[in-house]
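Peer 1: 1644 is the number that my numbering gives to position 159 of the sequence shown; each next residue is one higher, with no gaps. Take this structure, written in structure tokens, and hold onto it; I'll ask about it next.
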Amino acid sequence: MKTMLIRDSLTPKRLIAGRFTASAALAVLAWPALLLWGCAGTDPPPEEPVVLDDQRDPNATREPAIPVVSAEHEDLGPQRLIEISEAALEALPGAVEPVLSGGDPVLRVHDLTGDGTLEVLVLAADAGVEDALELGELARYGRLFEPHRDPIPFYLFVLTIRDPEEGAEEFARASRELEFEPLHEIYLDRHRVLEGFETLRITDEALPLAASVQFRTTEGILDNWITFTGPSDRYGRFTMQHTIDRRWHRYDVDGSGTIDLLSFQSGFEEGVGRETLISWYRWDGTEFRLHRTRDIVRNLNRFLYTSRTYLEHGDRQAFLDHALTREDRRRVENRELSFEETLQAIFRPTAVESIEDYGIEDYDSVLTAEELERVVFPVLGANPFPNVAGATSFTPVVRIECCDGVSGFYHTTVTMAYNPFEQQQFYIELQSIRE
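So, in structure tokens, the structure goes:
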């Protein structure tokens, strides 16, 4: 059974008094063109957390790109999906109301227990606290600063079919009337601003699955992950708080096919400056657990200092082994480049108005000198990488001094590995090789 996950802002319109309209059915019929991610051999790109420093009007209503319904069964027709959603909503307790998008409840439909039938996830809140629980209004972040605005209790309901008979075939049969009952009522605490709601697979399989509900707070974005592993009816929870000093990213760090969670937390540390600590949380089959931690600033300064030491001591092979990736070392060997030519591919002259002002006529003369007397990399007091998720680079200026104090200024590219927990956390890029 292939898992199909709709990830598009196209939503069926107008579910009024529990009934979808004809326009909703037309919108659902357009879904086959949208059922792209989740197919065999198709991996969605890593997603980034919501940017905290947005500049939009805090009082403007908005519609987040959240689909109303997503389904994972290819053979489940649009009309049957409507019937399933209607039946599920009838099982909600009377004290709550579903969150709406354009008048339609926001739903997710998945097989969370692995038995072939579908469960329905409904985002809800206490009834009567707002005139209408519309996403456009709930996502307006100016609500955070309105003193008369009380926080709203939010819930995630998981509704399951009562007494399933013959699994998926019976479930999908249009003649079968469905009756749902609550499987889980998950309290998400009280919040003023709802930022988003989505479901995502943790591995390439349909299960485990995570439901992510995000709220905006005065500190940043609070991301609640509710995880389902099946066939057990239990669920797990993992909470991530995005702030100015701590960002979370999700992507497959080690190529295992399983989503990892990485936390990048910055803070002042004596003798270092503003250090950034990376924490790697891995899925162990039932929950996300802390796997490893690693520094950025301290390790980067050590990497640059060691590179400088090898260059100043003339230990050329040690420098290449330490600073270049295996692929770049292979390029050097295949092209049979001299060490001087390799340095010219690593360090590029920094643009200046007149290089004669620095006492040299040709910047290459510094790099081709028999000895490099001094190499000065910057000592960093904070994380210099502009994007801490995945392979990311920055370009420092380096001063290189050769014979009799003649020196030049160069720029190079230093990269942190896509997996920052690899043995070689950083490397210097081998730039274009001159012909």
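Backbone N, C-alpha and C fix where the C-beta goes; we use that ideal spot for every residue, glycine too. Please read all numbers here as calculations on a predicted model, not as lab measurements.
#1: Considering only the alpha carbon of each residue, which of T1703, I1687, E1690 lies closest to R1677?
#2: What residues in its chain sit with their C-beta under 8 Å from that of E1914, if we drop five residues either side in the sequence?
#3: In the DSSP assignment, find the alpha helix (DSSP H) that holds I1831 and state where it starts and stops.
#4: If R1701 and Y1626 are in contact, beta carbons under 8 Å, what's the gap, nearest whole angstrom?
#5: Can you tell me whether DSSP reads H1798 as helix, strand or coil?
#6: Tell me, please, which residues DSSP counts as bridged to Q1726.
#7: Classify L1775: buried if its beta carbon has 16 or more other beta carbons within 10 angstroms, exposed otherwise.
#8: In angstroms with no decimal places, state the Cα-to-Cα distance between T1810 and V1817.
#9: Less than 8 Å between the CB atoms is what I'm expecting for W1733 and R1722, so what's the real figure, rounded?
#10: Note down, in chain order, each residue of its chain lying with its Cβ closer than 6 Å to the Cβ of A1854, except the 5 sequence neighbours on either side.
#11: Within 10 angstroms of its Cβ, does T1724 collect 16 or more other Cβ (buried), or is it exposed?
#12: Between the alpha carbons of Q1696 and Q1908, how many angstroms are there, rounded?
#13: Applying the criterion that 16 or more other CB atoms from any shown protein chain within 10 Å of the CB defines a buried residue, is F1630 buried or exposed?
#14: For F1804, which residues of its own chain have a beta-carbon under 7 Å away from its beta-carbon, when the five flanking residues on both sides are left out?
#15: If you check the beta carbons only, do F1906 and W1768 fall under 8 Å apart?
#16: Going by CA-CA distance only, name the one from L1623, P1632, P1578 that's closest to I1671.
#17: Please state whether DSSP places S1741 in a helix, a strand or coil.
#18: Taking the alpha-carbon of P1583 as reference, which of G1562, G1756, E1619 has the nearest alpha-carbon?
#19: Give a yes or no on whether the C-beta atoms belonging to G1752 and H1727 are separated by under 8 Å.
#20: Please classify Y1895: is it buried, with 16 or more other beta-carbons within 10 angstroms of its beta-carbon, or exposed?
#21: Identify whether I1845 lies in helix, strand or coil by the three-state DSSP scheme.
#22: Applying the criterion that 16 or more other CB atoms from any shown protein chain within 10 Å of the CB defines a buried residue, is P1693 buried or exposed?
#23: Do you know how far the Cα of S1823 is from the Cα of A1624?
#24: Mind reading off the beta-carbon distance from L1747 to F1862? Whole number of angstroms is fine, and I expect it under 8 Å.
#25: Taking 6 Å as the limit between beta carbons, can you name the residues of its chain near A1573, skipping five residues before and five after?
#26: What are the partner residues of T1898, as DSSP defines its beta bridges?
#27: Would you mind working out which of F1749, T1835, E1826, H1633 sits nearest E1615, comparing C-alpha positions?
#28: State the Cα-Cα distance for the pair S1892 and N1872, rounded to the nearest angstrom.
#29: To the nearest angstrom, how far is it from the Cα of V1571 to the Cα of P1590?
#30: Based on the DSSP output, what are the partners of D1780 in its beta bridges?
#31: Using the beta-carbon count (16 or more within 10 Å), is R1617 buried or exposed?
#32: Within the same chain, show all residues whose beta-carbon is closer than 7 Å to that of A1867, passing over the 5 residues directly before and after it, in chain order.
#33: What whole-angstrom Cβ distance do R1735 and I1729 have, given they're in contact under 8 Å?
#34: From S1586 to L1762, what distance separates their C-alpha atoms?
#35: How many Å lie between R1859 and D1737 at the Cα?
#36: What three-state label does DSSP hand Q1908 in the structure shown?
Peer 2: So, to answer that:
#1: Of the listed residues, the one whose Cα sits closest to R1677 is T1703.
#2: In its chain, beyond the 5 residues on either side, D1813, I1831, S1878, T1897, T1898, V1899, T1900 have a beta carbon closer than 8 Å to the beta carbon of E1914.
#3: Here the alpha helix (DSSP H) through I1831 covers 1824-1831.
#4: Between Y1626 and R1701 the Cβ distance is about 5 Å, and since that is below 8 Å, they are a contact.
#5: Residue state for H1798 is assigned as coil, using DSSP reduced to three classes.
#6: DSSP lists L1707 as partners of Q1726.
#7: By the neighbour-count definition (other C-beta atoms within 10 Å, threshold 16), L1775 is an exposed residue.
#8: Going from the Cα of T1810 to the Cα of V1817 covers about 11 Å.
#9: About 15 Å separates the beta carbon of W1733 from that of R1722, a gap too long to meet the 8 Å contact definition.
#10: Around A1854: C1887, C1888.
#11: Exposed.
#12: With the sequence shown as reference, residue 1696 is identified as Ala, and Gln is not the correct amino acid for it. Here the alpha carbon of A1696 sits roughly 33 Å from the alpha carbon of Q1908.
#13: The residue is exposed, with fewer than 16 neighbouring Cβ atoms inside 10 Å.
#14: Cβ neighbours of F1804 within its own chain (closer than 7 Å, five residues either side excluded): S1792, Y1795, L1796.
#15: Result no, Cβ atoms of F1906 and W1768 do not sit closer than 8 Å.
#16: If we check each option's Cα against that of I1671, P1578 comes out closest.
#17: Three-state DSSP puts S1741 in coil, outside helix and strand.
#18: P1583 has its Cα closest to that of E1619, out of G1562, G1756, E1619.
#19: 8 Å or more divides the Cβ of G1752 from the Cβ of H1727.
#20: Around the Cβ of Y1895, a 10 Å sphere holds 16 or more other Cβ atoms; the residue is buried.
#21: Reliability of the predicted coordinates at I1845 is poor, the pLDDT of 48 falling under 50, and no value is obtained from them.
#22: Buried.
#23: C-alpha separation (whole angstroms): 59 Å.
#24: About 26 Å; that fails the 8 Å criterion.
#25: Answer for A1573: V1605, L1644, F1665, listed in chain order.
#26: Its beta-bridge partners do not exist; DSSP assigns none.
#27: Of the listed residues, the one whose Cα sits closest to E1615 is H1633.
#28: Straight-line Cα distance between these residues: approximately 32 Å.
#29: Note on identity: in this sequence residue 1571 is Glu, with Val being the wrong assignment. When rounded, the distance between both Cα atoms is 10 Å.
#30: Paired residue(s): L1762.
#31: Correcting the residue identity first, residue 1617 is Ala in this sequence and not Arg. Result: exposed.
#32: Only G1758, R1759, V1782 meet the Cβ criterion.
#33: Contact annotation, R1735 with I1729: C-beta distance approximately 19 Å; criterion of less than 8 Å not satisfied.
#34: S1586 and L1762: Cα-Cα distance of roughly 39 Å.
#35: For R1859 and D1737, the distance between alpha carbons rounds to 40 Å.
#36: DSSP places Q1908 in coil when its eight states are reduced to three.
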